[in-house]
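**Student:** If you read the sequences in order, they're chains P, F and A. Just so you know, my numbering puts 40 at position 40 of the first sequence, and the rest follows in order with no gaps. Here my numbering = 1-based position in the second sequence + 68. Here my numbering = 1-based position in the third sequence + 562. Sharing a structure with you now.
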Amino acid sequence: MTVVWILFVSSVIVLPAAALLALRWAVRHGEFKNLQKTALSIFDEEEPVGRMTDRFPGPQRSSKSSQP
Amino acid sequence: MSATSPSILQALSPSDTEDVAQRRALLAEIDASCRGTLMLFFGAALVWLLIGTVFALIASWKMHSPDFLADIPWLTFGRVRPAHLNAVVFGFASEAAIAVTLWLICRLCRAPLMHGWVVNIAGVFWNIGVAIGIGGILAGHSTAIEWLEIPGYATPLLFVSYALIAIWGIITFRFRREKHLYVSQWYLLAALFWFPWLYSAAQILLIMEPVRGVVQATVNWWFAHNVLGLWFTPIGIGAIYYFIPKVLGIPVYKYSLSVIGFWSLALFYNWNGMHHLVGGPLPAWLITVSIVASVMMTIPVVTVGLNHHFTMWGSFHKLKDSPVLRFMVFGGMSYTVTSLHGVLLALRSVSEVTHFTHSTIAHAHQGMYAFFTMVMFGAIYYIVPRIIQVEWPSARLISIHFWASAIGIMLYIVPLIIGGTLQGVAMINPDVPFLDPNKYSVVTMTVPYLRVRSVSGFIILVGHLAFATSFIWIVARWIKAARQHQPTPIVSNV
Amino acid sequence: MNYGPIIFLGVFLTIASSWIGLVLIPQVQFGRQQEVKIEETGEIYPTVRPGLAQQGMEIYKANGCIYCHSQQVRPEGYGADIARNWGQRRTVSRDYLHDNPVMLGTMRTGPDLSNIGVRQTSVLWHLQHLYNPQITSKGSIMPPFRFLFEKRKAGDKPSPDALALPKEFAPEPGSEIVPKPEARALVQYLLSLKANAPLPEAR
Numbered sequence: 001m002t003v004v005w006i007l008f009v010s011s012v013i014v015l016p017a018a019a020l021l022a023l024r025w026a027v028r029h030g031e032f033k034n035l036q037k038t039a040l041s042i043f044d045e046e047e048p049v050g051r052m053t054d055r056f057p058g059p060q061r062s063s064k065s066s067q068p
Numbered sequence: 069m070s071a072t073s074p075s076i077l078q079a080l081s082p083s084d085t086e087d088v089a090q091r092r093a094l095l096a097e098i099d100a101s102c103r104g105t106l107m108l109f110f111g112a113a114l115v116w117l118l119i120g121t122v123f124a125l126i127a128s129w130k131m132h133s134p135d136f137l138a139d140i141p142w143l144t145f146g147r148v149r150p151a152h153l154n155a156v157v158f159g160f161a162s163e164a165a166i167a168v169t170l171w172l173i174c175r176l177c178r179a180p181l182m183h184g185w186v187v188n189i190a191g192v193f194w195n196i197g198v199a200i201g202i203g204g205i206l207a208g209h210s211t212a213i214e215w216l217e218i219p220g221y222a223t224p225l226l227f228v229s230y231a232l233i234a235i236w237g238i239i240t241f242r243f244r245r246e247k248h249l250y251v252s253q254w255y256l257l258a259a260l261f262w263f264p265w266l267y268s269a270a271q272i273l274l275i276m277e278p279v280r281g282v283v284q285a286t287v288n289w290w291f292a293h294n295v296l297g298l299w300f301t302p303i304g305i306g307a308i309y310y311f312i313p314k315v316l317g318i319p320v321y322k323y324s325l326s327v328i329g330f331w332s333l334a335l336f337y338n339w340n341g342m343h344h345l346v347g348g349p350l351p352a353w354l355i356t357v358s359i360v361a362s363v364m365m366t367i368p369v370v371t372v373g374l375n376h377h378f379t380m381w382g383s384f385h386k387l388k389d390s391p392v393l394r395f396m397v398f399g400g401m402s403y404t405v406t407s408l409h410g411v412l413l414a415l416r417s418v419s420e421v422t423h424f425t426h427s428t429i430a431h432a433h434q435g436m437y438a439f440f441t442m443v444m445f446g447a448i449y450y451i452v453p454r455i456i457q458v459e460w461p462s463a464r465l466i467s468i469h470f471w472a473s474a475i476g477i478m479l480y481i482v483p484l485i486i487g488g489t490l491q492g493v494a495m496i497n498p499d500v501p502f503l504d505p506n507k508y509s510v511v512t513m514t515v516p517y518l519r520v521r522s523v524s525g526f527i528i529l530v531g532h533l534a535f536a537t538s539f540i541w542i543v544a545r546w547i548k549a550a551r552q553h554q555p556t557p558i559v560s561n562v
Numbered sequence: 563m564n565y566g567p568i569i570f571l572g573v574f575l576t577i578a579s580s581w582i583g584l585v586l587i588p589q590v591q592f593g594r595q596q597e598v599k600i601e602e603t604g605e606i607y608p609t610v611r612p613g614l615a616q617q618g619m620e621i622y623k624a625n626g627c628i629y630c631h632s633q634q635v636r637p638e639g640y641g642a643d644i645a646r647n648w649g650q651r652r653t654v655s656r657d658y659l660h661d662n663p664v665m666l667g668t669m670r671t672g673p674d675l676s677n678i679g680v681r682q683t684s685v686l687w688h689l690q691h692l693y694n695p696q697i698t699s700k701g702s703i704m705p706p707f708r709f710l711f712e713k714r715k716a717g718d719k720p721s722p723d724a725l726a727l728p729k730e731f732a733p734e735p736g737s738e739i740v741p742k743p744e745a746r747a748l749v750q751y752l753l754s755l756k757a758n759a760p761l762p763e764a765r
């Protein structure tokens, strides 16, 4: 029983303390800087921003195309 | 063809510059490394989806026609229903989730899946575990603990296979070549870590060494709600965070919001479960904590919703061209709606009415199907052509699948939420009899809504059959291409 | 947010917190709850179920009764559980001490069963209801559990075990319906469902 209480009380202190320390570390090391840059990490020269990468298979369905 | 939306094979074909060719080769290497493993998981997931759908239809039909198949013990309602749940949750949804997670981790880390055969073996054993589990449920060995019905003799197999898969995902992550950790990765890695904790804790405390009395109920709902909140939801959100921007070619609207969204989800979602026990024989503080946490869920839901919908803003006309986008946007919108609806359902005064009614069932399907399953469908439509380098054979089949699933699930959810709420209103009014064949009673008033649900089930089945046809067809083309030794246009010379 | 270990730490801490809050603390609060002596009757409550009823619980589990029937009575003023006569009082944690698994349920397609052993005391009623719910509850959507019964060739006079059935539900002449042991065990379990002891904490 006492073991459980020790576990419980210590975790109530230890968990938030660890969380706060981690947050402090993260802020100091610039983990929250330049966030928008990471948003671009899924694109590259091959599949750059501005190019759609999915469409229905088969011939183009929309009639706006300028086929000869 | 228009330059803005090249066909997949065009997009995959080698480009001019060497650098791009190298990157292309890396992507092709990554996709090729996942090929066998992912096709195994997707194929098995599809089989479980069909099995689960059939179980669902049987269960649904029995609810308004109780004499249907009544004399077969293993098809009695109370066995078919958990068989349906476990087939779609641990068979279909979890396997699709694992496959999509592995592919996204490989892609985002720009690292191939190493020694995929280990995951293949784990996948085979996972499927054997699910099959034994569902067989056990039908044979009458269910544990009768919701979301954990699979009998104790099958779960170790599931756990060991899962552990192997998760470890492999994390190993791949350790060998990443991409410095940036994209938001999807946080969600996916968290899910990989959360699920085994949830599953093993629940197994030990409920089935191996059961705790006493009502603590079982708290463990049960801590697990059952967290399977949704900490396993399926993060994988679904993580997938949307990748696919909507990627398909559109537009970066996420406000990346900083995603930090708030992720950490608030991690913080609040896992405290939600006890809202399934409002009014139950548990201490008030426990339930209050969960109601508060449920209300706090508005923060991650709104931030994620803003990010998804504003990324999409102004691009809605592109839904016409992209099947993946359709499924993803439908899923993303459903996530917002279902989560806000869930916040509402957790409130004490609302729960008084809706608890114990069909509206909970409708809500569960809104989350698991309208959100998660639709996202998984979209992801499968994106991933499969890239890993096997064969295009989907028929645009029409994809359209049928989308519309049948979308209309089917709406026809499921909307009437059943209305019916369930009316059922709840009747139930808390003691003047309405519980059962009276000649009067408005709690039991008989639900029957029309239950019939509509069966109809919706057939529509959804049509969608799934279209999906299955597409999948078998594309696999047949893939095998044919492989037999003819056609060198695929990409992997050729690097 | 590009540092993996920090994310893992946060992910660990968040789930650890809810595990402590929703699993560990309830266990500390309730895990050692004991039986009490009821003042009015001098009896110990709750008692362990007798063997046959315990076997019946296995049938209840196996056939998924939990998906349509809850076993919890909500307090007066919250829902109409007490007004519907599903119990004289709300159920409390002590009522479930000897249940394994605890089948509170989350659905009331059918009525709550916390006190079905108080409401319906007749074995015949339960057997008929299981054989075909339409006999006792016309309009019910509960499935019939005929597979818990067997059809036998009747002798010259009906055997003592045979189930008495109204004419329109009776089998053809010359045969009779006899409950299997599973059906009898299940009925004993249902009859054992009584959460009516006057516990001080439930007042």
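Positions of the beta carbon are idealized from the N, C-alpha and C atoms, including for glycine.
Taking only beta-carbon positions, decide if residue 292/F is within less than 7 angstroms of chain A.
**Tutor:** Chain A, which has no Cβ nearer than 7 angstroms to the Cβ of residue 292/F, makes this no.
**Student:** Hey, is residue 39/P's beta-carbon within less than 7 angstroms of any beta-carbon in chain A?
**Tutor:** Not an interface residue.
**Student:** Let's see if you can read the secondary structure: which residues bound the beta strand (DSSP E) around residue 157/F?
**Tutor:** It is not in any beta strand (DSSP E) - residue 157/F carries neither H nor E in the DSSP assignment.
**Student:** Please go through the same chain and pick out, in chain order, the residues whose beta-carbon is closer than 6 angstroms to the beta-carbon of residue 179/F, but skip the five residues on each side of it.
**Tutor:** So the qualifying residues of the chain are 240, 243, 244 and 245.
**Student:** Would you say residue 19/P lies against chain C (beta-carbon separation less than 7 angstroms)?
**Tutor:** Here the protein chains are P, F and A, and chain C is not one of them.
**Student:** Can you look up residue 384/F in the DSSP assignment and give me helix, strand or coil?
**Tutor:** The answer is helix: DSSP assigns residue 384/F an H, G or I state.
**Student:** Which bits of chain P does residue 572/A rub up against, with CB to CB less than 8 angstroms?
**Tutor:** Per Cβ cutoff of 8 angstroms: 19 and 22.
**Student:** Rounded to whole angstroms, what's the CA-CA distance from residue 280/F to residue 592/A? Just pull it up for me.
**Tutor:** So the two alpha carbons sit approximately 8 angstroms from each other.
**Student:** Taking DSSP as the reference, what is the three-state secondary structure of residue 336/F?
**Tutor:** Correct three-state label for residue 336/F: helix.
**Student:** Taking contact to mean at least 3 C-beta pairs separated by less than 8 angstroms, is the stretch 471-489 of chain F in contact with the stretch 435-451 of chain F?
**Tutor:** Short answer: they touch.
**Student:** Quick one: which chain P residues come within Cβ less than 8 angstroms of residue 568/A?
**Tutor:** Within 8 angstroms Cβ-Cβ: 22, 25, 26 and 31.
**Student:** Tell me whether residue 56/P is buried or exposed, calling it buried when 16 or more other Cβ atoms sit within 10 Å of its Cβ.
**Tutor:** Answer is buried; the Cβ neighbour count reaches 16.
**Student:** Can at least three beta-carbon pairs, one atom from the stretch 39-51 of chain P and one from the stretch 374-392 of chain F, be found at a separation below 8 angstroms?
**Tutor:** The stretch 39-51 of chain P, when compared against the stretch 374-392 of chain F, does not touch it at the 8 angstroms Cβ threshold.
**Student:** Could I get the ranges of all uninterrupted alpha helix (DSSP H) runs contained in the stretch 647-721 of chain A, with 4 residues as the minimum, in chain order?
**Tutor:** Fully enclosed alpha helix (DSSP H) runs of 4 or longer: 678-681, 685-693 and 695-698.
**Student:** Which residues in chain P have a C-beta closer than 7 angstroms to the C-beta of residue 97/F? List them in chain order.
**Tutor:** Residues of chain P passing the Cβ test: none, with the nearest at roughly 13 angstroms.
**Student:** Taking just the CA atoms, how far does residue 646/A sit from residue 511/F?
**Tutor:** When rounded, the distance between both Cα atoms is 14 angstroms.
**Student:** Could you check whether the Cβ of residue 636/A sits closer than 7 angstroms to any Cβ belonging to chain F?
**Tutor:** Answer yes: the Cβ-Cβ gap between residue 636/A and chain F drops below 7 angstroms somewhere.
**Student:** According to DSSP, is residue 751/A helix, strand or coil?
**Tutor:** Residue 751/A falls in the helix class under three-state DSSP.
**Student:** Helix, strand or coil for residue 202/F per DSSP?
**Tutor:** Residue 202/F falls in the helix class under three-state DSSP.
**Student:** Give a yes or no on whether the minimum CB-CB distance between residue 675/A and chain P is below 7 angstroms.
**Tutor:** Cβ-Cβ to chain P under 7 angstroms: no for residue 675/A.
**Student:** Pull up the distance between the alpha-carbon of residue 218/F and that of residue 262/F, whole angstroms please.
**Tutor:** Answer to the nearest angstrom: the Cα atoms are 20 angstroms apart.
**Student:** Taking only three categories from DSSP, how would you classify residue 398/F?
**Tutor:** Three-state DSSP puts residue 398/F in a helix.
**Student:** With 7 angstroms set as the bound, which would you pick, yes or no: does the beta-carbon of residue 745/A sit closer than that to a beta-carbon of chain F?
**Tutor:** Cβ-Cβ to chain F under 7 angstroms: no for residue 745/A.
**Student:** Per DSSP, which residues does residue 502/F bridge with? Please list them.
**Tutor:** DSSP, once it has assigned bridges, lists no residue as partnering residue 502/F.
**Student:** Any beta carbon of chain P sitting closer than 7 angstroms to that of residue 584/A?
**Tutor:** No, residue 584/A does not count as interfacial toward chain P.
**Student:** Would you call the stretch 623-637 of chain A and the stretch 568-585 of chain A in contact, with 3 or more CB pairs under 8 angstroms?
**Tutor:** Segments in contact, no.
**Student:** Give me the subset of the stretch 687-713 of chain A whose CB atoms are less than 8 angstroms from a CB atom of chain F, sorted by chain position.
**Tutor:** Taking 8 angstroms as the Cβ-Cβ cut-off against chain F, the residues of the stretch 687-713 of chain A that qualify are 695, 699, 700, 701, 702, 703, 704, 705, 706, 707, 708 and 709.
**Student:** Buried or exposed: residue 551/F, going by 16 or more other Cβ atoms within 10 Å of its Cβ?
**Tutor:** Looking at its Cβ environment, which holds fewer than 16 other Cβ atoms inside 10 Å, residue 551/F is exposed.
**Student:** Using the three-state DSSP reduction, which class does residue 623/A fall into: helix, strand or coil?
**Tutor:** In the structure shown, residue 623/A sits in a helix (DSSP, three-state: H, G or I).
**Student:** Measuring alpha carbon to alpha carbon, tell me which residue in 453/F, 172/F, 502/F and 286/F is nearest residue 589/A.
**Tutor:** Cα-wise, what sits closest to residue 589/A is 286/F.
**Student:** Spatial neighbours of residue 404/F within its chain, please: C-beta separation below 7 angstroms, excluding the five flanking residues on both sides.
**Tutor:** If we look at residue 404/F and ignore the five residues flanking it on each side, its Cβ neighbours are 369 and 373.
**Student:** Distance check for residue 521/F and residue 313/F, CA to CA, integer angstroms please.
**Tutor:** Looking at the two C-alpha atoms, the distance is approximately 35 angstroms.
**Student:** Given a limit of 8 angstroms on CB to CB distance, which residues of the stretch 538-553 of chain F reach chain P?
**Tutor:** Against chain P - using a Cβ distance shorter than 8 angstroms - the stretch 538-553 of chain F contributes no residues.
**Student:** At which residues does the beta strand (DSSP E) containing residue 739/A begin and terminate?
**Tutor:** First-last of the beta strand (DSSP E) with residue 739/A: 737-741.
**Student:** Taking Cβ positions, are residue 106/F and residue 318/F nearer each other than 7 angstroms?
**Tutor:** Not a contact, by the Cβ cut-off of 7 angstroms.
**Student:** Could you compute how far the alpha carbon of residue 230/F sits from the alpha carbon of residue 190/F?
**Tutor:** About 7 angstroms.
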